[in-house]
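Residue numbers (the numbering used here), protein chains in the order written: chain A, 1 to 298; chain B, 299 to 536.
Only one structure is covered here, and it is reproduced in the block below.
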Ligand SMILES: Nc1ncnc2c1ncn2[C@@H]1O[C@H](COP(=O)(O)OP(=O)(O)OP(=O)(O)O)[C@@H](O)[C@H]1O
Ligand SMILES: [Mg+2]
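This is the structure in structure tokens:
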């Protein structure tokens, strides 16, 4: 049983890493990317080729996979963000980019084309996935609460006002895209070394859409929200396994329910951190003494 | 100080600004009046670097202005955009600090903040209030104050009286005069032609992307065409 739960948790946490990156780009900078699966793929392939063909150190390969995704994000981000493409046009550009990367992976020799790479060493364990997730969550929180994060939020809230204040839209957006691509790449590397086999058809626009759905359903401007939403999204198909054919319907229904009941997302613009917990406890404490007093009066 | 020379701006095929040349001298108030869609905002956004011109040149203090908005702001040209664009969920104080984003001199920023409060006393009382909960007039004051926090040499105001009651309009224009007297050049667009022209040292009339008339504020105000088109004053038939 634990093996089964551990398996689900590992895959869920790996997805969380990619979502954390997209949270910075979408939730905090306000840009939509429909091609993040491509960054996951690039990280996965780079790291796998490094470990299985060049026998590189696993963690070095993960880092290089992330950097490779980051590098590619600069290539796609430079012209599109420089041209200040509007949000929807940018999303379409990334959609095309995602498909293009998949087609390229299918036709390269080093990636073994559509058949994919087999025999990738099993280096991702529950422990190192958990540790890397924790580490990257802390790094993401630091990014978001740094000067960079505040610049991002200023742009998300009103990009004209931000520009008039002297914020350079292009560099702030490109930096956020780079950060999110590196995160996706690391997630991809972990994934490849967990399932030991990758092929281009694993990295489709459906996956990109799921990532965006997790960010939006989790809540814009929050790290906790997308984190939790991605965990739910990953575990849901397993929990709903009993429902069999109704699985996909239930999945869609839950998404719709979230958007209707909480349009701002589960944790829109909120975080579950020490400050939040403290305030929460204070609230409960403040309520408690009021109860006996009421009882006394009656 | 600001010199716009034969500038053309397009939105796709729409030719929004046609061979416009204007000039603003030190410590003057220069206005552009014109009907809706004349291209006033387009011209302002082009000077601020948000829109790209297809030809012509814009120079400031004898140098060509750089292409990107943040570099233009660093040169001392600040635009307070149409509809104010404050951060509604930041407080008055935080909005003012945002205006000083490019500055590093913390002590002087604090001093300037105090100065903004003497210039706009109403903001002092609203110090901790969220900008989104301010009245229209207060928001406009805050928008101007936020622009001033970057210590611009040239402050551009796009329709500062938009949506304000007549009494508030007068208050805003009084403040604009105060700002000019402190040595900041003002370049503004207005629909409220009569009030704007009354305080302008120089003015231009913009019609479908072209400058059709220019002169001192008083001259433009007294021009019969302007009176007919923008002030609704009919000429007596004689
Ligand atoms: N983003 C845009 N795309 C295409 N055309 C535009 C765009 N923005 C403005 N225009 C057109 O350019 C012309 C000038 O617009 P502009 O906003 O500069 O007018 P304005 O003088 O500021 O008007 P108002 O007094 O209503 O603010 C208008 O005909 C408008 O339709
Ligand atoms: Mg306008």
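Ideal Cβ positions, reconstructed from N, Cα and C, are used throughout, including at glycine.
Legend entry - Nonlocal neighbours in the same chain, by C-beta distance under 7 angstroms from residue 326 (chain B), ignoring five residues either side: 483, 499 and 500
Legend entry - residue 133 (chain A): first and last residue of the uninterrupted alpha helix (DSSP H) it sits in: 126–144
Inset, instruction - Excluding the 5 residues preceding and the 5 following residue 402 (chain B) in the sequence, name in chain order all residues of the same chain whose CB lies nearer than 7 angstroms to its CB. - result: none
Legend entry - Range of the contiguous alpha helix (DSSP H) that encloses residue 80 (chain A): 58–82
Legend entry - residue 4 (chain A), buried or exposed, once every other Cβ within 10 Å from all chains shown has been counted against 16: exposed
Legend entry - Unbroken alpha helix (DSSP H) run spanning residue 386 (chain B), endpoints: No alpha helix (DSSP H) contains residue 386 (chain B), which DSSP labels as neither H nor E.
Inset, instruction - Could you have a look at residue 320 (chain B) and say whether DSSP puts it in helix, strand or coil? - result: strand
Legend entry - Sufficient close CB pairs (3 or more, under 8 angstroms) joining the stretch 24–39 of chain A to the stretch 173–186 of chain A: yes
Inset, instruction - Could you confirm whether any beta carbon from chain B is found closer than 8 angstroms to the beta carbon of residue 168 (chain A)? - result: yes
Legend entry - Any non-hydrogen atom of ligand 2 within 7 angstroms of residue 459 (chain B) CB: no
Inset, instruction - Please compile the residues from chain B whose C-beta is within a distance smaller than 8 angstroms of the C-beta of residue 160 (chain A). - result: 348, 379 and 383
Inset, instruction - Keeping to the same chain, check which residues put their C-beta closer than 6 angstroms to that of residue 66 (chain A); ignore five residues upstream and five downstream. - result: 43, 182, 185 and 186
Inset, instruction - Look up residue 432 (chain B) in the DSSP assignment and say whether it is helix, strand or coil. - result: coil
Legend entry - Exposed unless 16 or more other CB atoms sit within 10 angstroms - verdict on residue 324 (chain B): exposed
Inset, instruction - Flag residue 380 (chain B) as yes when its Cβ comes closer than 7 angstroms to any non-hydrogen atom of ligand 2, and as no otherwise. - result: yes
Legend entry - Rounded straight-line distance, which links the Cα of residue 306 (chain B) to that of residue 335 (chain B): 16 angstroms
Inset, instruction - Would you please state the rounded distance, in angstroms, between the beta carbons of residue 227 (chain A) and residue 82 (chain A)? I believe it to be under 8 angstroms. - result: Actually they are not in contact, since the Cβ atoms of residue 227 (chain A) and residue 82 (chain A) sit about 31 angstroms apart, beyond 8 angstroms.
Inset, instruction - Could you have a look at residue 19 (chain A) and say whether DSSP puts it in helix, strand or coil? - result: helix
Legend entry - As assigned by DSSP and simplified to three states, the class of residue 25 (chain A): helix
Inset, instruction - May I ask you to list, following chain order, the residues of the stretch 303–321 of chain B that have a beta carbon less than 9 angstroms from some beta carbon of chain A? - result: none
Inset, instruction - Kindly identify the DSSP beta-bridge partner or partners of residue 307 (chain B). - result: B:315
Inset, instruction - Could you work out which residues of chain A lie near residue 537 (chain B), taking near to mean beta carbons separated by less than 8 angstroms? - result: Lying before the first or after the last residue shown, residue 537 (chain B) is absent from chain B, which here runs from 299 to 536.
Inset, instruction - Have a look at residue 213 (chain A) and residue 229 (chain A) and give me their C-alpha separation to the nearest angstrom. - result: 9 angstroms
Inset, instruction - Flag this pair as touching only if the stretch 145–165 of chain A and the stretch 390–404 of chain B have three or more C-beta atom pairs under 8 angstroms; answer yes or no. - result: yes
Legend entry - Three CB pairs or more closer than 8 angstroms across the stretch 408–425 of chain B and the stretch 353–361 of chain B: no
Legend entry - Contact under 8 angstroms by Cβ, residue 389 (chain B) with residue 426 (chain B): yes
Inset, instruction - Please find out if some non-hydrogen atom of ligand 1 comes closer than 7 angstroms to the beta-carbon of residue 370 (chain B). - result: no
Inset, instruction - Identify the continuous alpha helix (DSSP H) that holds residue 357 (chain B) and give its terminal residues. - result: Note, residue 357 (chain B): premise wrong, no alpha helix (DSSP H); beta strand (DSSP E) at 353–358.
Legend entry - Minimum C-alpha distance to residue 58 (chain A) - residue among A:217, A:72, A:197 and A:122: A:122
Inset, instruction - State yes or no: is the C-beta of residue 439 (chain B) within less than 8 angstroms of the C-beta of residue 473 (chain B)? - result: yes
Legend entry - Neighbour list for residue 372 (chain B) in chain A, Cβ cutoff strictly below 9 angstroms: 166
Legend entry - Runs of alpha helix (DSSP H) wholly within the stretch 360–425 of chain B (minimum 4 residues, chain order): 367–372, 390–397, 404–417 and 419–423
Inset, instruction - Just the C-alpha distance for residue 221 (chain A) and residue 206 (chain A), rounded to the nearest angstrom, thanks. - result: 23 angstroms
Legend entry - Complete beta strand (DSSP E) runs within the stretch 501–536 of chain B (minimum length 3 residues, chain order): 508–513
Legend entry - First through last residue of the beta strand (DSSP E) which encompasses residue 110 (chain A): It is not in any beta strand (DSSP E) - residue 110 (chain A) carries neither H nor E in the DSSP assignment.
Inset, instruction - Check whether the Cβ of residue 300 (chain B) lies closer than 8 angstroms to any Cβ atom in chain A. - result: no
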